[in-house]
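Visitor: Read in order, the letters of the sequence shown are residues 120 to 251 in the working numbering. Here a beta-carbon is modelled for each residue, glycine too, at the ideal position from N, C-alpha and C. Below you'll find the structure I mean.
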Amino acid sequence: MTRSSAGHSRWTDEMLDELADSVSGVKDSVLELRESVSELRESVSELRESVSEVKDSVSELRESVSEVKDSVEGLQLTAQALLQIAAQQQRDNEARKAEIAEIRQRQEESDQRFQVLLSEVRYLIRQIKPGD
């Protein structure tokens, strides 16, 4: 081999070595990229599972909120009914108090009339008794 062809051969060998190193580097990069893609796919899968769990939790929470809302509405209706009953009982009690006061007043008037009549009867009895 001539010197020129030996130099050319050496240059070709060096270029082939550099190309082999580059290809090896590219292979390593591709392997790393594949690993990254695989990890990313796993992360996406885990994220999808998490999103699904969150959706389920949100759905359960909505159901719970709906049940609580129904319970609150039921309690509000019950409280309103109890307030109406209490107000009616208060009116009834006031009416009974007024009736009792009226009955007491009539009783006092009756007692006074009775005392007047009793006095008159005693007076008449004394008038009728002979010899007193």
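Assign lysine 146 to one of three DSSP states: helix, strand, or coil.
Guide: Against the sequence shown, residue 146 aligns to sequence position 27. DSSP places lysine 146 in helix when its eight states are reduced to three.
Visitor: What did DSSP end up calling lysine 248 once you bin it into helix, strand or coil?
Guide: Indexing the sequence shown from 1 puts residue 248 at position 129. In the structure shown, lysine 248 sits in coil (DSSP, three-state: anything other than H, G, I, E or B).
Visitor: If you measure from the beta carbon of glutamate 172 to each beta carbon in chain D, is any gap under 9 Å?
Guide: In the displayed structure, chain D is absent; only one protein chain is listed.
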